[in-house]
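What follows is a short report on a single structure.
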Amino acid sequence: MISALNRNIPGSRSFAHLRCAFTARATARATATYSTGPIYDHHNNTGKTRTRQGAYGSTEVANPCLTSDTIPTVDLAYEVVDELSCPYQIKSPLIILHGLFGSKANNRTMARMMNKRLTRDVFSLDMRNHGASPHIGRHDYIGMAADVEKWIQSRDFQEKPIIIGHSMGAKTAMSVVLRKPDLCSMLVSIDNAPVAVQPQNSFPRYVKVLLAIIENPNVHTNQDAMEVLKTVEDNPVIRQFLMTVLQRAKDEKSGEFRFKSRIPLGILNDAIVKGNIANWEFNPWVHRWTGPSLFLRGTQSHFIADEFIQDIGRFFPNFEVRDVDAGHWLNTEKPQECADLICDFVERHEDV
Numbered sequence: 043m044i045s046a047l048n049r050n051i052p053g054s055r056s057f058a059h060l061r062c063a064f065t066a067r068a069t070a071r072a073t074a075t076y077s078t079g080p081i082y083d084h085h086n087n088t089g090k091t092r093t094r095q096g097a098y099g100s101t102e103v104a105n106p107c108l109t110s111d112t113i114p115t116v117d118l119a120y121e122v123v124d125e126l127s128c129p130y131q132i133k134s135p136l137i138i139l140h141g142l143f144g145s146k147a148n149n150r151t152m153a154r155m156m157n158k159r160l161t162r163d164v165f166s167l168d169m170r171n172h173g174a175s176p177h178i179g180r181h182d183y184i185g186m187a188a189d190v191e192k193w194i195q196s197r198d199f200q201e202k203p204i205i206i207g208h209s210m211g212a213k214t215a216m217s218v219v220l221r222k223p224d225l226c227s228m229l230v231s232i233d234n235a236p237v238a239v240q241p242q243n244s245f246p247r248y249v250k251v252l253l254a255i256i257e258n259p260n261v262h263t264n265q266d267a268m269e270v271l272k273t274v275e276d277n278p279v280i281r282q283f284l285m286t287v288l289q290r291a292k293d294e295k296s297g298e299f300r301f302k303s304r305i306p307l308g309i310l311n312d313a314i315v316k317g318n319i320a321n322w323e324f325n326p327w328v329h330r331w332t333g334p335s336l337f338l339r340g341t342q343s344h345f346i347a348d349e350f351i352q353d354i355g356r357f358f359p360n361f362e363v364r365d366v367d368a369g370h371w372l373n374t375e376k377p378q379e380c381a382d383l384i385c386d387f388v389e390r391h392e393d394v
C-alpha cells in the first residue's frame with residue numbers, strides 16, 4: 043500500500059500547517075543577519091567547528107570540513123541503463139547510490155523500469171569500498187559525497203542530474219546537494235533521514251559472521267554460507283543480499299572452494315562502530331537545499347520515523363514523503379512501486 047504523508051505530527055495541527063510554518067521560518071531567515079533557530083538533538087557536529095552568537099541567542103555552527111573540496115577522492119565504477127533513452131531530447135539523467143554492503147547491481151531492476159518510463163539514462167554507481175570502486179581508509183559521508191560530486195562534474199551533463207540514494211546512499215545524496223546546491227536538480231532519499239542516530243546493532247553482527255565464513259575452511263558452498271548467516275539474520279532476502287558480499291574461489295593449498303570478501307570488511311566495520319554510518323553532521327541553520335525532494339520510507343522500517351519528519355523539513359523545505367509497504371530494503375522488495383513513485387515525482391516537477 044502506498045500513501046502520502048497526511049497524518050498529524052505530534053506538536054503540530056497538520057502536515058499542511060507544518061509546511062506553512064517551514065515557509066514562514068524560511069522567509070524570516072532570508073531577512074535575518076544570522077540564523078534564528080537552535081541546534082537540534084538529531085544532529086551531531088563532531089568535526090572542527092566555528093561557533094558564533096546569532097539573533098535571539100541562537101548558536102550557529104559552521105564546520106568548514108563539511109564543504110571542503112580538498113578531501114581525497116576515488117574514481118567510482120558505474121553502469122548505465124540507456125536502452126530506451128530518447129536520442130532526440132536532452133533530459134536530466136538519474137544517478138542511483140546504493141546502501142551499505144551493496145553495489146550498483148542492487149538497483150538494476152529499478153533502473154530499467156525508470157529508463158523505460160522516463161526515456162533517459164539511469165546511472166548506478168559503486169560507492170567507495172563497495173563493488174568495483176577503489177578501497178580507501180576514509181569512509182564517511184563527506185568523503186563519499188566528494189566522490190559522487192567529482193564523478194558528476196567529470197561527466198559534464200547538459201542537464202542537471204537527479205540524484206537518488208538508498209540508506210547510506212541516501213545520506214550521501216543528501217550530503218551532495220547540501221555541499222553543492224547547484225549540482226543536482228532533484229533529490230530522492232530512499233529510507234533514510236538527515237539525522238544522527240545510534241549505530242545499528244545488526245551491522246557489526248553482519249560483519250562478524252561474514253568474516254567467520256571467510257575464515258572457516260569448512261564453509262565451501264553457498265548453502266553452507268547461508269546456514270551460517272541464519273545465526274544473525276532470519277530474513278532470507280537480507281541473507282541473499284549479504285551473500286553478494288562474498289565470492290567463492292578455489293584454495294590453492296587444499297584445492298577446495300572457500301569464500302573471500304569482495305569489499306574491505308575491516309574498513310567498513312571501523313566506520314560502523316565509530317558511528318560514521320549512523321552519523322549526520324550538517325546543521326539546518328547553515329546548510330539547506332530548496333530543490334524538490336522526495337523521501338520514500340518503508341512502513342516496516344524505522345529509518346524515517348515520524349519524529350524525523352520535522353528534521354527533513356528543516357534541511358529540505360520543498361519535500362514530500364511517500365510510504366511503501368516494505369522493510370528497509372524497499373528498493374529491492376518493491377522496485378516497481380519505488381520506480382513508479384520516483385517517476386511520478388520527476389514528471390510532476392519537470393512539468394512545472
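So for the sequence shown, the numbering used here puts the first residue at 43; every next one is plus one. Backbone N, C-alpha and C fix where the C-beta goes; we use that ideal spot for every residue, glycine too. Source: prediction; values computed, not measured.
In this chain, Q242 is not harboured by any beta strand (DSSP E), its DSSP state being neither H nor E. Cβ contact annotation for G173 (same chain, cutoff 7 Å, sequence separation greater than five): A119, S145 and K146, in chain order. Judged by beta-carbon spacing, I256 lies within the 8 Å limit of F301, meaning their Cβ atoms are closer than that value. For the set D189, L310 and I384, the Cα lying nearest the Cα of F143 is the one of L310. Looking at the DSSP output, A291 shares a beta bridge with R300. In summary, R364 is buried, with 16 or more beta-carbon neighbours lying within 10 Å of its beta-carbon over all protein chains present. Taking C-beta separations shorter than 8 Å and ignoring five residues to either side along the sequence, the partners of V315 in its chain run P241 and P246, following chain order. In this structure, the beta-carbon distance from L252 to V287 falls below 8 Å. Excluding its 5 nearest sequence neighbours in each direction, G340 has C-beta neighbours in its own chain below 7 Å: D233, V366, A368, G369, H370 and L372, listed in chain order. The segment 194-229 contains, as complete alpha helix (DSSP H) runs of 4+ residues, the segments 210-221 (chain order). Of the residues A238, I184 and L225, the one whose Cα lies closest to the Cα of T214 is I184.
Every alpha helix (DSSP H) stretch that sits fully inside the segment 145-179 and reaches 4 residues is listed by chain position as 150-160. The beta carbon of T151 sits closer than 6 Å to those of P377, all from its chain and outside the five residues before and after it, given in chain order. About 7 Å separates the beta carbons of P203 and L136, which is inside the 8 Å limit, making them a contact pair.
One Cα belongs to K133, the other to W327, and the distance between them is close to 33 Å. Checking the DSSP bridge columns, you'll see I232 partnered with H208 and L338. Going by C-alpha positions, P236 is about 38 Å away from D266.
It is roughly 56 Å from the alpha-carbon of F358 to the alpha-carbon of S296. For L372, the enclosing alpha helix (DSSP H) has its first and last residue at L372 to E375. Separation of L139 and E389 (C-alpha to C-alpha, rounded to the nearest whole angstrom) is 21 Å.
Under the three-state reduction of DSSP output, D367 falls in the coil class, being neither helix nor strand.
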